[in-house]
Amino acid sequence: MKPDEILKHAPKVLTQAQREFYFENGYLLLENFVGQDWLDRLWQVTDGFIEKSRRETKSGGIFDLEPNHTADSPRLRRLSQPVEIDPVYEEFGLRGPVVDLAEDLVGPNVKYHHSKLNLKWADGGEEVKWHQDIQFWPHTNYSPLTIGLYLDDVDDEMGPMGVIPGSHKGEIFDLYGRDGGWVGALDDRDLTRVPLDKAVWLKGPKGSVTVHNCRMLHGSAANNSARSRPLLLHTYASADALTFQGSVVQNVPHADTLIRGEAAKWIHFDPEPCLIPPDWSKGYTSIFALQQEEDAAG
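The numbering of the sequence shown is our numbering, which starts it at 1151 and goes up by one.
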């Protein structure tokens, strides 16, 4: 759906001004959006997976590990597709309070796409270089957005996510490197065209929620604090946004599931072209592995 069509529907949790801000700037930060009851439930499950990660020695389908991860000192970089691996994550992502938020911004017919939990471990958890999301999983339109939940307080030292306001209306960048390989980030030449001095860093107390459009330029610095920075992320889209083959999201049971409203009768096509991603049929670990030039498809 187009923004003007979405705005005609009464909002569930946002003000009309907040919705208009999102469509103009491409992002939102909502402090204390998720209550303590949900945070406690999510932390209980997350702590369990952190403990399980101690038994892992290399990244795989669920656990994405930093290279220096050990059983005695676990450094879990990402938990992949949490909605698919635990009922609490599934309930939150498909029926929790963030679904009302998604509806306010993509329209009454909401499609779930995928999820991930980026933990950005303490004392040097890796940066995420500047990039856009849509090139990883192209859709027929640019309604997809990602909603992130901070499970803990996040300050400047912890590497909060940064966004470039309004960049969702600008250039869709080439995320292939100069040698033709996919790197998942802008190269230095493209970064010269990005007003990095206008970056907004989305920090806040636990329970705060970030929202960014699929075309938003965003990234984050390394976490130099003594605490991890767990950010639980879910991507949603209007039901009339169809995914293309070649998406990084493959073999995910709930991907492209209608979770609110009615199935689309017509496909909505945006006219601006989108970059085609590489063939990930042999596997994909994470954006961290790609940007840090690890063997992401191993």
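Glycine included, C-beta positions come from ideal geometry on N, C-alpha and C.
From residue i to residue j, what does the alpha carbon distance come to, in whole angstroms?
i, j, result
"residue 1388", "residue 1153", "11 angstroms"
"residue 1225", "residue 1271", "6 angstroms"
"residue 1315", "residue 1353", "15 angstroms"
"residue 1300", "residue 1232", "15 angstroms"
"residue 1246", "residue 1192", "12 angstroms"
"residue 1285", "residue 1325", "8 angstroms"
"residue 1445", "residue 1217", "Any reading at residue 1445 must be qualified, since the residue scores a pLDDT of 47, below 50, and its modelled position is unreliable; the value itself is stated next. Their Cα atoms are separated by approximately 11 angstroms."
"residue 1451", "residue 1236", "For the chain, the structure presents residues 1151 to 1448; residue 1451 sits outside this window and is missing."
Helix, strand or coil for residue i per DSSP?
i, result
"residue 1448", "Unreliable placement is indicated for residue 1448, whose pLDDT of 29 sits below 50; the coordinate value is still reported in the next sentence. Reduced to three states, the DSSP call for residue 1448 is coil."
"residue 1271", "coil"
"residue 1219", "coil"
"residue 1298", "strand"
"residue 1260", "strand"
"residue 1305", "coil"
"residue 1252", "helix"
"residue 1326", "strand"
"residue 1418", "coil"
"residue 1167", "helix"
Out of the options, which has the shortest C-alpha to C-alpha gap to residue i?
i, options, result
"residue 1376", "1220, 1273, 1164 and 1259", "1273"
"residue 1293", "1257, 1341 and 1406", "1257"
"residue 1280", "1335, 1265 and 1230", "1335"
"residue 1248", "1410, 1380 and 1324", "1410"
"residue 1426", "1394, 1400, 1237 and 1228", "1394"
"residue 1420", "1429, 1391, 1208 and 1412", "1391"
"residue 1255", "1369, 1403, 1159 and 1405", "1159"
"residue 1342", "1204, 1400, 1321 and 1380", "1321"
"residue 1221", "1203, 1238 and 1368", "1203"
"residue 1383", "1304, 1166 and 1263", "1263"
Return the chain-ordered list of same chain residues with a C-beta closer than 8 angstroms to the C-beta of residue i, the five sequence neighbours on each side being excluded.
i, result
"residue 1206", "1213, 1215 and 1219"
"residue 1251", "1162, 1163, 1164, 1180, 1183, 1297, 1359 and 1361"
"residue 1155", "1257"
"residue 1366", "1176, 1177, 1282, 1283, 1313, 1314, 1317 and 1318"
Excluding the 5 residues flanking residue i on each side, which residues of the same chain have their C-beta closer than 7 angstroms to its C-beta?
i, result
"residue 1307", "1374 and 1375"
"residue 1168", "1178"
"residue 1190", "none"
"residue 1380", "1196, 1267, 1269, 1301 and 1302"
Which same chain residues end up closer than 6 angstroms to residue i when comparing Cβ atoms and leaving out the 5 residues on each side of it in sequence?
i, result
"residue 1400", "none"
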